[in-house]
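Structure record follows, encoded as structure tokens.
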Amino acid sequence: MKIETIATAIIFFGVGFMAGYIYKTERSQVAAASAPMATAAPSTNAAAGSAAALPPGHPPLAEAAVIDTLQQQAAANPTNPAIPLKLANYCYNKHLYELAIKWYRKTLELDPKNVNARTDLGTALFYSGRPTDAIREYQKALSIDPNHEPTLFNLIIVNAEGTHNLREAQHYWEILHRRNPNYPGLRRLQQELAQMSRA
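Note that this note's numbering gives residue 787 to position 182 of the sequence shown, counting from 1, and the numbers run on in steps of one.
Structural data, given as structure tokens:
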């Protein structure tokens, strides 16, 4: 092959390459201009970006998948209280209190003497803005186990912060203090009750 032919081929190859590059670049710019503007997503994870399209109150997709799996297990084992309890606790830990309330109630239909589930139902009700209903559930828990310390502790908090009944809060503080003066958080609650009484 002659040297001129090689040079000509290289020139034509270079021109073709440049023309293709320019065409591709223009096509990309046109496509970008016509595409809808994307919303910046958090850098934490991919699921967070998709959560922007979810309706209000809907759990993130990963959490919804866990809930769906547990609901299917509960449906397949309708007499087993452990599954709705696991689902209730999961929802509670994710601050999905309305769902937690539903599944604590289902648990208690199957296992009405479960003091921990009854107390957690009360706390979920409190966090849902229903302190009177919470106290009612705590009272039911104490009717099963009058010395249940988490229930007594929660009765102090909900009476003080929920219904603002400082006398009842102090009453349950004294009961728990007599039973277990070293219960975690009890001294702090006494200080808070004293401050509320002076206010």
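Glycine is no exception: its CB is placed at the ideal position from the N, C-alpha and C atoms.
query, result
"Supposed close pair Ile-706, Leu-690 - CB separation, criterion 8 Å", "Not confirmed; about 13 Å, so no contact."
"Contact the stretch 752-772 vs the stretch 733-744: 3+ CB pairs below 8 Å", "yes"
"Neighbour-count burial assignment, Tyr-626, 16 or more Cβ in a 10 Å radius", "At Tyr-626 the pLDDT is 38, less than 50, meaning the model places this residue with poor confidence; the figure from the coordinates comes in the next sentence. Label assigned to Tyr-626: exposed."
"Trp-736 versus Thr-674 - alpha carbon distance", "Looking at the sequence itself, residue 736 is Pro, so the reference to Trp does not match. Using only the alpha carbons, I get a separation of about 31 Å."
"Helix, strand or coil at Leu-701 according to DSSP, with G and I counted as helix", "coil"
"Which of helix, strand or coil DSSP assigns to Asn-721", "helix"
"Other residues of its chain near Gly-734: CB distance less than 8 Å, five sequence neighbours each side excluded", "none"
"Per-residue DSSP class, three states only, for Thr-728", "helix"
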